[in-house]
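Student: The opening position of the sequence shown corresponds to residue 0 in numbering that gives the first Met the number 0, with each subsequent residue numbered one higher.
Questions regarding the structure given below will be posed in turn.
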Amino acid sequence: MVFDPLYFIMLLPALILAGAATVLTKTTFSRYARVQASSGMTGAEAAARMLERQGVADVRIERVQGFLSDHYDPRTRVLRLSPAVYDTPSLSAIGVACHEAGHALQHASRYAPLRLRSALVPAAQFGTQASYVVFVAGLLLQSSTLLWLAILLFGAAFLFALVTLPVEWDASARAKRFMVASGIVAPREQGAAGKVLNAAFLTYVAAAVSSLL
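Encoded structure:
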């Protein structure tokens with residue numbers, strides 16, 4: 000069995016991009032976490048205002064532990080915000096909270112890419128967990144069937160990462176638009192809150208590139 004070192008060379012750009020995107024997201028969030036919004040709203044209040052103004056009244060907002068563990072669960076229609084976002088009246092907190100509220104708006108409007116991503120979750124989770132095991136088994140057993148199965152499993156994970164990109168971009172676009180229209184941030188503050196969202200989006204780009212390689 001011959002191992003090609005080119006494999007590591009191919010992965011290196013993805014690892015660098017992923018690391019850089021993570022660092023950029025954390026530093027940008029930390030920078031604007033020290034800047035309070037003129038409205039004085041916390042992340043939880045901002046998300047609630049944005050949903051209310053768009054006529055979405057059946058989404059619960061809860062606090063969840065962790066740093067930047069914020070997410071929207073379409074199965075239970077619950078928007079979960081980390082303490083640094085839920086309780087803080089900063090531009091970073093508002094940006095992240097409104098982004099997650101953007102996912103709730105996507106769900107309410109039956110946004111097609113979000114529905115596709117939700118449908119792909121089981122296949123992507125299984126593919127991510129099983130692909131390496133199947134791949135190694137195929138090499139050890141010299142089974143082309145197992146190797147092709149591993150490729151299909153890798154493909155399912157990549158497809159999920161690819162579909163995630165328009166979903167996240169659209170959620171951020173909704174947040175940038177509605178946070179001003181709803182009076183959550185002043186027009187002059189939109190750019191700063193948007194920088195947090197732009198940095199976070201790079202982490203999804205890095206994930207897609209890593210998955211492809």
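Glycine included, each C-beta is placed from N, C-alpha and C at the ideal position.
Since the model is a prediction, treat every value here as computed from it, not as a measurement.
Quick check on the DSSP output: the alpha helix (DSSP H) that includes L67 runs from which residue to which?
Tutor: What you label residue 67 is simply residue 68 of the sequence shown in a count that begins at 1. From DSSP, L67 is part of no alpha helix (DSSP H); its letter is neither H nor E.
Student: For F66, count neighbouring Cβ atoms within 10 angstroms of its own Cβ and tell me buried if that reaches 16, exposed if not.
Tutor: Taking the sequence shown and counting its residues from 1, one reaches residue 66 at position 67. It counts as exposed.
Student: Quick check: D57 and R76, are their CB atoms within less than 8 Å of each other?
Tutor: Reading the sequence shown from its first residue, position 58 is the one you call residue 57. Reading the sequence shown from its first residue, position 77 is the one you call residue 76. Yes; because the gap between Cβ atoms is below 8 Å, this pair is in contact.
Student: What residue range does the alpha helix (DSSP H) around L113 cover?
Tutor: Your numbering for residue 113 matches position 114 in the sequence shown. Unbroken alpha helix (DSSP H) run through L113: 111–140.
Student: Can you find a heavy atom of the ligand ZN that lies under 7 Å from the Cβ of A111?
Tutor: No copy of the ligand ZN appears in this structure; indeed no ligand is present at all.
Student: Assuming G101 contacts R52 (C-beta within less than 8 Å), just tell me the rounded distance between them.
Tutor: Taking the sequence shown and counting its residues from 1, the one referred to as residue 101 is at position 102. Taking the sequence shown and counting its residues from 1, the one referred to as residue 52 is at position 53. In fact, because the Cβ distance is near 13 Å, the residues do not count as touching under 8 Å.
Student: Let me confirm a value: Y6 is counted as buried when at least 16 other C-beta atoms fall within 10 Å, else exposed. Which label applies?
Tutor: Taking the first residue of the sequence shown as position 1, residue 6 is located at position 7. Classification of Y6: exposed, given that the 10 Å Cβ count is below 16.
Student: May I ask you to verify whether the segment 152–160 touches the segment 170–189, counting CB pairs closer than 8 Å and requiring at least 3?
Tutor: No: fewer than three Cβ pairs fall under 8 Å.
Student: Buried or exposed for T26, please, with buried defined as at least 16 other CB atoms from any protein chain shown within 10 angstroms of its CB.
Tutor: Within the sequence shown, numbered from 1, the residue matching residue 26 stands at position 27. By the 10 Å Cβ count, T26 comes out exposed.
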